[in-house]
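Novice: First residue of the sequence shown: 1, per our numbering; consecutive thereafter. Don't be surprised by glycine CBs; every beta carbon is placed ideally from N, CA and C. Structure below; questions to follow.
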Amino acid sequence: MTDSIARRLEQYTVKRPQEVLIVKVESEGEFDEISIFKGFSSSLVRSTAFDPDIPVLPEGAKIISVDRLAGPYNPNNPRYLQQGLSWETMQSLLSEVGI
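So, in structure tokens, the structure goes:
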């Protein structure tokens, strides 16, 4: 795999700008939720670096699940398209859009 998982997920949201991904991950024993929208990632749990070259999703993080939502994301009224997708299922969606 030449692109990181984070870059692939960001590219997915560039190709599907009407969608928001909420990615639940575990990295080094810590849980995080990452929102990805129109090619940008942001942690919903911890602070996010201002530098977009610093990955929000660290290499080696274990993806627990991915939720697809209709954008823009409103945490008070999320509009889910699909919830609890496995990484394997998400890879199929990435392939569908050529990523």
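On the DSSP letters alone, give me the boundaries of the beta strand (DSSP E) that E59 sits inside.
Specialist: Run containing E59: none; DSSP gives neither H nor E here.
Novice: Sort R7, R79 and R46 by Cα distance to G36 and report the nearest one.
Specialist: Residue identity check: residue 36 is Ile in the sequence provided, not Gly. Nearest C-alpha to I36: R7.
Novice: Under a CB-based cut-off of 8 Å, is S47 close to chain B?
Specialist: In the structure shown, chain B cannot be found, because there is only a single protein chain.
Novice: Alpha carbon to alpha carbon, how far is Q83 from A70?
Specialist: About 12 Å.
Novice: Is the segment 88-97 in contact with the segment 39-48, if contact means three or more CB pairs nearer than 8 Å?
Specialist: In short, these stretches do not touch, since the Cβ pair count stays below three.
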